[in-house]
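Shown next, in structure tokens, is the structure this report addresses.
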Amino acid sequence: MGLYGDNYWRLARLFSPHLLAPGTYQSTVAGDQPLWLRIHEQKAYTTLLSLNYEFPGEARPLDPGAELRFYRDASVAEIVACDDQQRIEDVLGRLALPKAVFGYRLRINAFLGKWLEYIEDRGHSRFTLKPAEIRGRTASQV
């Protein structure tokens with residue numbers, strides 16, 4: 004299946020992002036930090052979302068963070084930005100060699116697979132995911 008396909012199925016099993024309305028959700032389990040999931044957009048065949056852990060009291064409370072694209076038609080998921088929302092062009096430059104781009108994408112998507120596995124092992128799932136209230140509004144209103 005490959006790395007991108009594995010990430011798709013793990014993410015689908017964990018949170019079913021293609022079934023969530025745009026908005027912000029929080030997963031809280033005993034013994035782990037709160038996990039935030041935000042659905043930025045739902046298109047016909049793709050979902051753009053972000054995942055962040057919350058570490059209260061830190062300078063960067065939502066870290067690590069990743070922006071993901073979930074492709075329902077191709078059954079793949081990939082990181083499109085990570086580490087404070089840096090895109091590949093921001094990290095490698097606009098004229099990066101294809102080998103460098105491929106290597107970077109492989110590393111960050113391998114990280115995604117390990118992170119999703121960790122999240123699942125900690126007990127986060129679609130059953131622990133609740134619409135987040137931000138300033139009195141629920142996920143569908145944000």
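If you're matching positions, the sequence shown starts at 4 in this note's numbering and goes up one per residue.
Quick reminder that beta carbons are idealized off the backbone N, C-alpha and C, glycines included.
Suppose contacts are defined by Cβ-Cβ distances below 8 angstroms. Is residue i in contact with residue j by that definition?
i: Arg72; j: Thr49; result: yes
i: Gln3; j: Phe58; result: The question about residue 3 has no answer, for the chain in this structure spans 4 to 145.
i: Gly34; j: Val79; result: no
i: Pro115; j: Ile82; result: A small correction: the amino acid at residue 115 is Leu; Pro does not occupy that position in the sequence shown. Yes.
Compute the beta-carbon to beta-carbon distance between residue i and residue j, rounded to the nearest angstrom, for a pair I have assumed lies under 8 angstroms.
i: Leu17; j: Asn112; result: The pair is not a contact, with the Cβ atoms about 16 angstroms apart (cut-off 8 angstroms).
i: Gly26; j: Pro101; result: Wrong, their Cβ atoms sit about 37 angstroms apart, outside the cutoff.
Keeping to the same chain, check which residues put their C-beta closer than 7 angstroms to that of residue i; ignore five residues upstream and five downstream.
i: Leu119; result: Asn10, Arg13, Leu14 and Leu17
i: Val32; result: Arg125, Gly126, His127 and Thr131
i: Asp76; result: Tyr48
Can you have a look at residue i and say buried or exposed, based on whether 16 or more other CB atoms are within 10 angstroms of its CB?
i: Ser53; result: buried
i: Leu38; result: buried
i: Pro20; result: buried
i: Ala69; result: buried
i: Tyr121; result: exposed
Answer with yes or no whether the minimum CB distance from residue i to chain D is below 8 angstroms.
i: Asn112; result: This model lacks chain D altogether; it includes just one protein chain.
Entirely enclosed beta strand (DSSP E) segments - the segment 69–130, minimum 3 residues: Within the segment 69–130, the complete beta strand (DSSP E) runs of at least 3 residues are 79–85.
Secondary structure, beta strand (DSSP E): runs of 3+ residues fully inside the segment 25–51: Entirely contained in the segment 25–51, the beta strand (DSSP E) runs reaching 3 residues are, in chain order, 26–30 and 38–45.
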